[in-house]
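Accompanying notes for the structure given below.
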Amino acid sequence: MPELPEVETVLRGLKAHAVGRRISAVEVSHPQVIVGSPDEFAELVRGREILCGTRKGKAIALELGPRSGPSRQRGHSRRMEHADNGSRYLLVRLGMTGQFTVNPSAAPLEPHTHVRLALDDGREELRYRDPRRFGRLRCCTTEELDTVFGGLGPDAPSISRPQFLAALRGRRGPIKSWLMNQQLLAGLGNIYADEALFAAGIHPLTPAGSISDAAAGSLLRAVKQVLRRAVELQGTSFRDYIDIEGRPGNFLPRLRVYQRTGEPCRRCREPIQRLVIGGRSSHFCPHCQPRPRGAARVG
DNA sequence: GCAAGCCTGACC
DNA sequence: GGTCAGGCTTGC
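For the first sequence, the numbering used here gives the first residue as -5, with consecutive numbering after it.
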């Protein structure tokens, strides 16, 4: 379940193993994971060098250079190059079970491998595998990328305290849903939202806008600290997540509440409870994260 | 039957 | 506009 730390780990892997290489061939075996026409996607991506990689929240964008091969017009300016054959971006959302790996092209194909991008001479390839097919690949222009990234709130590790407080103001929904709303704050999913709320001692049903500035400050610190530690440990592998070299993340033993329903709180020994909030399971310690006055009872 | 991220659509 | 339910998908 890739959230920001897992996505950041994949991005670092792509920088190490794919940036600077040319996509020499494209094969899409399941059109559903491509946004738009798979043929168009293949045509647009083929022949371009991967120039660099960036990330916002859980979205990865690989900047692709101009098409290689026989140029139609020689000696044209950079401006011209940009105008008719310039940069495109390979936008990647891993969804729930998306995996990017670099493999020898001769290596056996894992089931649910939907896209193969041959690199350089074709001896190695970038593979996109996604059993549940919630992830999406898209080839887009600078403008389209700006629209997608613009729809996301500030990247969680770099949101400022004033931005964070302002975004909470007036929100009546539960803080758990707020933390997972990518339009407000980009990068958190179910695991790290639960972990940050535990670290800050805040009940997941607390109305977001009712949180005091002091408590919001500790929540912001908790969010950043949990993410920083998880990036250091290369993410959490609960079921499917692996990085570009096929390695799982190491954050699992650090989880305090996520998927620990009924197990004793590591701080106070009280059994961890589970609630469904916004259709997502939420795990919390009823003692360390007391229910706020006025919060609706659930369950 | 449940888990997940993200999109759509219904509702106030 | 915010908020929430539902659907997608497959392995456990």
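Ideal placement from N, C-alpha and C gives every residue a C-beta, glycine not left out.
Just how far apart, CA to CA, sit residue i and residue j?
{"i": "L56", "j": "N175", "result": "24 Å"}
{"i": "P105", "j": "R49", "result": "27 Å"}
{"i": "L88", "j": "R285", "result": "34 Å"}
{"i": "I28", "j": "R130", "result": "6 Å"}
{"i": "D78", "j": "T135", "result": "Here the model assigns D78 a pLDDT of 44, short of 50, so the residue's position is not dependable and the matter cannot be decided."}
{"i": "V295", "j": "G51", "result": "Nothing about residue 295 can be read from this structure; the chain reaches only from -5 to 293."}
{"i": "I271", "j": "L139", "result": "31 Å"}
{"i": "T107", "j": "A209", "result": "44 Å"}
{"i": "L38", "j": "Q267", "result": "49 Å"}
{"i": "A193", "j": "N97", "result": "39 Å"}
{"i": "S65", "j": "A53", "result": "Residue confidence for S65 is low, a pLDDT of 48 falling below 50, so the modelled location carries little weight and cannot support an answer."}
{"i": "L159", "j": "S152", "result": "14 Å"}
{"i": "L364", "j": "D207", "result": "Examination of residue 364 is not possible in this model, given that the chain is present from -5 through 293 alone."}
{"i": "G30", "j": "R82", "result": "15 Å"}
{"i": "V311", "j": "E137", "result": "Outside the modelled stretch of the chain, which goes from -5 to 293, sits residue 311, for which no answer is possible."}
{"i": "Q301", "j": "C262", "result": "In the structure as shown, the chain starts at -5 and stops at 293, and residue 301 therefore has no counterpart that could be examined."}
{"i": "R127", "j": "A187", "result": "23 Å"}
{"i": "G41", "j": "L191", "result": "46 Å"}
{"i": "D237", "j": "I44", "result": "19 Å"}
{"i": "F94", "j": "P60", "result": "23 Å"}
{"i": "L5", "j": "E(-3)", "result": "12 Å"}
{"i": "R222", "j": "P156", "result": "20 Å"}
{"i": "E21", "j": "R123", "result": "13 Å"}
{"i": "S99", "j": "L113", "result": "9 Å"}
For residue i, count the other beta carbons within 10 Å of its own beta carbon; 16 or more makes it buried, fewer makes it exposed. Which is it?
{"i": "G293", "result": "A caution first: G293 carries a pLDDT of 35, below 50, which makes its placement in the model unreliable, though a value can still be read off. Exposed, by the Cβ-count rule."}
{"i": "E264", "result": "exposed"}
{"i": "G240", "result": "exposed"}
{"i": "R68", "result": "The predicted position of R68 is uncertain, since its pLDDT is 49 and thus under 50; a value taken from the coordinates is nonetheless stated next. Exposed, by the Cβ-count rule."}
{"i": "C259", "result": "buried"}
{"i": "S276", "result": "buried"}
{"i": "D115", "result": "exposed"}
{"i": "G7", "result": "buried"}
{"i": "P247", "result": "exposed"}
For the beta strand (DSSP E) that contains residue i, what are its first and last residues?
{"i": "V1", "result": "First-last for V1: L(-2) to H11, but that is the alpha helix (DSSP H), not the beta strand (DSSP E)."}
{"i": "Q267", "result": "Q267 to I271"}
{"i": "A210", "result": "Segment D207 to E226 is the alpha helix (DSSP H) holding A210; no beta strand (DSSP E) there."}
{"i": "E118", "result": "E118 to R123"}
{"i": "S18", "result": "I17 to V22"}
{"i": "K50", "result": "R42 to K50"}
{"i": "Y83", "result": "R82 to R87"}
{"i": "E57", "result": "A53 to R61"}
Could you tell me the boundaries of the alpha helix (DSSP H) in which residue i lies?
{"i": "E138", "result": "T136 to G144"}
{"i": "A36", "result": "P32 to V39"}
So who's on the other strand from residue i, going by DSSP bridges?
{"i": "V109", "result": "V22 and Y122"}
{"i": "I238", "result": "Per DSSP, none; premise fails for I238."}
{"i": "S275", "result": "V270"}
{"i": "F245", "result": "In the DSSP output, where bridge partners are listed per residue, F245 has none listed."}
{"i": "P102", "result": "Beta-bridge pairing links P102 to no other residue."}
{"i": "C133", "result": "L84"}
{"i": "P258", "result": "P265"}
{"i": "Q93", "result": "R123"}
* To do: Pick out the complete alpha helix (DSSP H) segments inside the region 146 to 203, 4 residues or longer, and give them in chain order.
  => Runs of the alpha helix (DSSP H) inside the region 146 to 203: 155 to 162, 169 to 174 and 184 to 194.
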